[in-house]
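Below is one structure, written out as structure tokens; the observations come after it.
Numbering (the UniProt record's numbering), first residue to last: 1 to 158.
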């Protein structure tokens with residue numbers, strides 16, 4: 001796999017983002033993640049967006065992080081928030097998400113972020129397994145869905 005840094009509004013990123021939003025809609029029936037995201041959130045050194053391409057150049061997995069500091073929504077100074085972790089269905093279970101997650105953690109650490117945080121949901125057991133097996137632990141809820149009963153939040157010191 002070839003993992004590349006791309007802008008959040010790159011056509012391949014938009015394609016994968018549409019796919020993950022469609023999956024969220026199937027799982028939760030709510031039209032997808034309504035968290036406001038802007039391409040500038042993922043511009044270094046305040047964030048990073050990655051896409052994994054297969055040997056044919058097809059985009060198959062994605063993930064990003066964005067800087068968050070204390071903001072009244074439960075974030076703490078030094079947070080790096082994971083967003084849009086996704087692997088196309090036919091390539092799941094091959095370690096792609098783990099590779100992207102490791103690259104994002106490394107980059108966030110290198111920019112001085114001290115904690116990686118993420119929000120997922122009860123209807124995404126595969127995500128919960130990935131994060132808990134990667135050293136993430138439940139934390140206080142934060143962000144757009146912090147009051148939603150299906151929301152789960154996790155954190156890992158960097």
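A virtual CB, placed ideally from N, CA and C, is assigned to each residue, including glycine.
Taking only the alpha-carbon atoms, compute the straight-line gap between residue i and residue j and give it to the nearest angstrom.
i: residue 20; j: residue 55; result: 22 Å
i: residue 146; j: residue 74; result: 8 Å
i: residue 36; j: residue 149; result: 20 Å
i: residue 69; j: residue 4; result: 26 Å
i: residue 9; j: residue 77; result: 26 Å
i: residue 98; j: residue 111; result: 20 Å
i: residue 49; j: residue 1; result: 16 Å
i: residue 51; j: residue 135; result: 23 Å
i: residue 13; j: residue 140; result: 29 Å
i: residue 205; j: residue 158; result: The displayed coordinates of the chain run from 1 to 158. Any statement about residue 205 would go beyond what the structure contains.
i: residue 152; j: residue 58; result: 31 Å
i: residue 7; j: residue 104; result: 14 Å
i: residue 71; j: residue 39; result: 19 Å
i: residue 53; j: residue 128; result: 24 Å
i: residue 96; j: residue 131; result: 13 Å
i: residue 47; j: residue 16; result: 18 Å
i: residue 29; j: residue 91; result: 24 Å
Of the choices the options, whose alpha-carbon is the least far from that of residue i?
i: residue 31; options: 49, 99, 92 and 18; result: 18
i: residue 65; options: 33, 141, 115 and 132; result: 115
i: residue 102; options: 133, 72, 76 and 89; result: 133
i: residue 93; options: 41, 57 and 61; result: 61
i: residue 108; options: 151, 12, 33 and 43; result: 43
i: residue 33; options: 6, 100 and 86; result: 86
i: residue 118; options: 100, 88, 15 and 143; result: 143
i: residue 67; options: 28, 129 and 45; result: 45
i: residue 82; options: 72, 89, 106 and 11; result: 106
i: residue 41; options: 53, 16, 84 and 88; result: 84
Tell me, to the nearest whole angstrom, how far the beta carbon of residue i is from that of residue j; I am working on the premise that it is less than 8 Å.
i: residue 113; j: residue 80; result: 4 Å
i: residue 100; j: residue 63; result: 4 Å
Just list the residues that DSSP pairs residue i with in beta bridges.
i: residue 131; result: In DSSP, residue 131 forms no bridge with anything.
i: residue 2; result: 53
i: residue 120; result: 152
i: residue 11; result: Answer is none; residue 11 lacks a bridge partner.
Would you say residue i reaches chain B, if we count a Cβ-Cβ gap shorter than 7 Å as a contact?
i: residue 97; result: Among the protein chains of the structure shown there is no chain B, as only one such chain exists.
Worksheet item: Looking at C-beta atoms only, is the number of pairs between the segment 23–40 and the segment 120–132 that lie closer than 8 Å three or more?
Response: yes
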